[in-house]
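Note sheet for the following structure.
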DNA sequence: CAACGCGTTGCAACGACTCGCAATAGCCAT
DNA sequence: ATGGCTATTGCGAGTCGTTGCAACGCGTTG
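Protein chains in written order, with our numbering: chain A, 18 to 171; chain B, 18 to 171.
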């Protein structure tokens with residue numbers, strides 16, 4: 018007896034992108050496991066950036082038997098499905114963010130340690146420059162660019 | 018009998034930036050140790066990018082007693098002195114390059130795995146864009162930007 | 001509803017990097 | 001030369017992330 022929620026009269030068609038994951042996994046011969054369910058519950062309530070270890074910690078709160086390698090592998094999978102994106106912070110650690118947000122880049126100030134988001138317009142300049150001059154299709158969301166913010170110049 | 022090379026008639030004033038390290042260390046109350054000497058010998062013959070573990074391996078070839086933590090600390094020090102620069106590759110691992118080279122950024126193609134250098138002119142566009150729009154002073158050499166090169170578009 | 005195949009998990013080991021701490025050893029002074 | 005101050009080293013422990021492998025269990029088939 019599948020939960021045919023989509024038939025509910027007042028249910029909006031704007032389902033969260035998470036809602037049909039089970040089906041999407043199935044469609045590819047993949048499985049809907051409790052571990053993945055846990056991770057997705059955690060991801061649903063995330064916003065902004067999260068490090069992998071934060072995610073692992075949150076999963077452990079819900080399921081004490083969570084193991085890191087499983088989470089990492091599940092995240093890889095979700096990334097392939099386009100549901101999350103991972104990048105590296107200024108120190109090389111992994112950071113994830115949920116996709117529904119606008120794709121954006123990050124700026125890290127080595128002076129004050131603040132992380133800034135690169136607005137789409139600004140990002141576009143960078144993407145366009147590399148595209149025009151090298152034919153390179155940049156994935157801005159993957160990196161954190163370092164430097165000094167306006168308030169931290171020498 | 019100090020090697021007063023600078024007095025040699027035909028010796029150029031263009032000494033390698035490595036030559037006066039011992040003095041520069043001294044000037045800051047730091048010490049000229051065999052471990053640092055080993056690392057610098059290794060660095061001297063490097064060109065392009067090197068990962069920290071490659072450097073450690075090379076140091077071990079010269080001195081089997083080399084310890085990783087010492088190399089990492091020495092590299093930090095040399096970076097403060099402006100002799101090397103470190104950044105993070107697409108996978109977050111550390112990469113070093115010797116400074117005398119033009120400061121440049123890196124591009125990593127997730128399609129073919131190639132790393133490309135961002136030419137200064139191209140880099141300037143990026144740096145200028147962030148400077149103009151956000152007052153942010155970018156250190157392009159620290160990051161590897163990911164994406165797809167011209168030959169690897171879907 | 002029991003058997004089965006293969007996608008997944010958990011574990012253990014490993015590699016990259018960091019950090020605290022006690023012992024070592026540069027470098028200057030005597 | 002000798003001694004001492006303290007920068008540095010080496011080690012051990014710890015974190016983050018990856019990978020190989022054997023056991024497990026999801027989802028399907030008969």
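A virtual CB, placed ideally from N, CA and C, is assigned to each residue, including glycine.
Enumerate in chain order the residues of its own chain whose CB-to-CB distance from residue i is below 7 Å, with the five nearest sequence positions on each side excluded.
i             : result
residue 144/B : 155, 157
residue 60/A  : 101, 115
residue 128/A : 165, 166, 169
residue 107/B : 125, 161, 163
So what does DSSP say about residue i, is it helix, strand or coil?
i             : result
residue 120/A : coil
residue 156/A : coil
residue 109/A : coil
residue 70/B  : helix
residue 62/A  : coil
residue 22/B  : Annotation note: pLDDT 44 at residue 22/B (below 50); position unreliable, coordinate value reported separately. Helix at residue 22/B.
residue 104/A : strand
residue 170/A : coil
residue 94/B  : helix
residue 145/A : helix
residue 46/A  : coil
residue 33/A  : coil
residue 83/A  : coil
Return the chain-ordered list of same chain residues with a C-beta closer than 8 Å to the C-beta of residue i, the five sequence neighbours on each side being excluded.
i             : result
residue 91/A  : 52, 53, 56
residue 35/A  : 57, 60, 61, 100
residue 79/A  : 55, 58, 59
residue 26/A  : Summary for residue 26/A: the model assigns pLDDT 46, below 50, so the residue's position carries little reliability; its value from the coordinates is reported in the next sentence. Here the set comprises nothing.
residue 148/A : 154, 155
residue 105/B : 111, 112, 159, 160, 161
residue 87/A  : 52
Report the neighbours of residue i on chain B: residues whose CB is nearer than 7 Å to its CB, in chain order.
i             : result
residue 162/A : 155, 160
residue 177/A : As displayed, chain A neither begins before 18 nor continues past 171, which places residue 177/A out of reach and without an answer.
residue 102/A : Going along chain B, no residue has its Cβ under 7 Å from residue 102/A, so there is no contact; the nearest lies around 11 Å.
residue 170/A : 154
So, under 8 Å CB-CB, residue i and residue j are touching, yes? Tell me the CB distance rounded to an integer number of Å.
i             : j             : result
residue 69/A  : residue 89/A  : 7 Å
residue 152/B : residue 121/B : So it is not a contact: roughly 23 Å between Cβ atoms.
residue 110/A : residue 109/B : 7 Å
residue 150/A : residue 137/A : In fact, because the Cβ distance is near 20 Å, the residues do not count as touching under 8 Å.
residue 146/B : residue 142/A : 4 Å
So if DSSP puts residue i in a beta bridge, which residue, or which two residues, is it bridged to?
i             : result
residue 163/A : 125/A
residue 133/A : 124/A
residue 115/A : 101/A
Mind listing the chain B neighbours of residue i? Cutoff is C-beta to C-beta under 8 Å, in chain order.
i            : result
residue 90/A : Neighbours of residue 90/A on chain B: none; closest Cβ ~16 Å, over 8 Å.
residue 69/A : Neighbours of residue 69/A on chain B: none; closest Cβ ~11 Å, over 8 Å.
Can you list the residues of chain A that residue i reaches, using a CB-CB cut of under 7 Å?
i             : result
residue 143/B : 143, 146
residue 150/B : 139
Enumerate in chain order the residues of its own chain whose CB-to-CB distance from residue i is below 6 Å, with the five nearest sequence positions on each side excluded.
i             : result
residue 95/B  : 101
residue 66/B  : 112, 114
residue 132/B : 123, 125
residue 45/A  : none
residue 33/B  : none
residue 85/A  : 73
Note down, in chain order, every chain B residue with its Cβ under 9 Å from the Cβ of residue i.
i             : result
residue 166/A : 151, 152, 153, 154
Taking residue i as the query, report the chain A residues whose CB atoms sit under 9 Å from its CB, ordered along the chain.
i             : result
residue 124/B : 147, 151, 153, 155
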